[in-house]
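Per this note's numbering, the sequence shown starts with residue 395, numbered consecutively.
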Amino acid sequence: MALLSLLTAVKSGAPKPTHVIPSQRRDHVTAMASLGNEVFILRLECQQQVKVFDASTSLQRNITVPGLGSWSLGLAACAHYKCLYVSDFYNSSIHRAQLSGSSAVKKWSVASGPAGLSVNKKHNVVVACFGRTRYKNTQRTELS
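This is the structure in structure tokens:
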């Protein structure tokens, strides 16, 4: 059984797990992001779902991401645009799911094997792709 440990920030000393979310079967956690009091989790066999937990690690809801492949390694949340970015490794694409009351999901293609995702201070999503020697910086305005 794989476990996901959530850590809290401490001023001194070693960080200690505050909550543990157990994994069952082969549904290992592949990516995690947080925004406000919500924690977003992707599992290996995600079945086009992102699990949404509250800060106390109680499952609140699922976000359906239509067309999401079976291997997603990157997850990033953007507070400015109130959205979640999900990488789709085998389909070489990024999905953007709205978090503010809309079930809208958009998708765009990137170089092969997107894995790591991050959102920079200009609210652009930065995508690290396998097989490339540089990072691809895709501006959010290109997603509309």
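Ideal placement from N, C-alpha and C gives every residue a C-beta, glycine not left out.
Non-local C-beta neighbours of His-474 in its own chain, meaning closer than 7 Å and more than five positions away in sequence, comprise His-517, ordered along the chain.
Restricting attention to Gln-442, Leu-429, Ile-488 and Lys-501, the CA atom closest to the CA of Gly-468 is found in Ile-488. For Thr-458, the number of other beta carbons within 10 angstroms of its own is below 16, and it is reported as exposed.
Beta-bridge pairing by DSSP links Leu-462 to no other residue. Looking at the DSSP output, His-489 shares a beta bridge with Val-480 and Lys-501. Pairing Ser-428 with Trp-465, the inter-Cα distance amounts to about 20 Å. Take the alpha-carbon of Ala-522 and the one of Thr-424: they are about 15 Å apart. In the three-state DSSP reduction, Leu-429 falls in the strand class (E or B).
Contact check for Leu-478 and Ala-471: beta-carbon distance about 5 Å, within the 8 Å limit, so the pair qualifies.
Looking at the backbone, the Cα of Asn-485 and that of Pro-460 are separated by about 13 Å. In its chain, beyond the 5 residues on either side, Lys-476, Cys-477 and Leu-478 have a beta carbon closer than 7 Å to the beta carbon of Leu-493.
Beta-bridge partners assigned by DSSP to Ser-512: Val-520.
Put simply, of Gly-495, Ile-435, Val-520 and Asn-456 the residue whose alpha carbon is nearest the alpha carbon of Leu-511 is Val-520.
Going by beta carbons, Arg-490 and Val-504 fall outside the 9 Å limit. Here Leu-453 carries a strand assignment [DSSP, helix/strand/coil].
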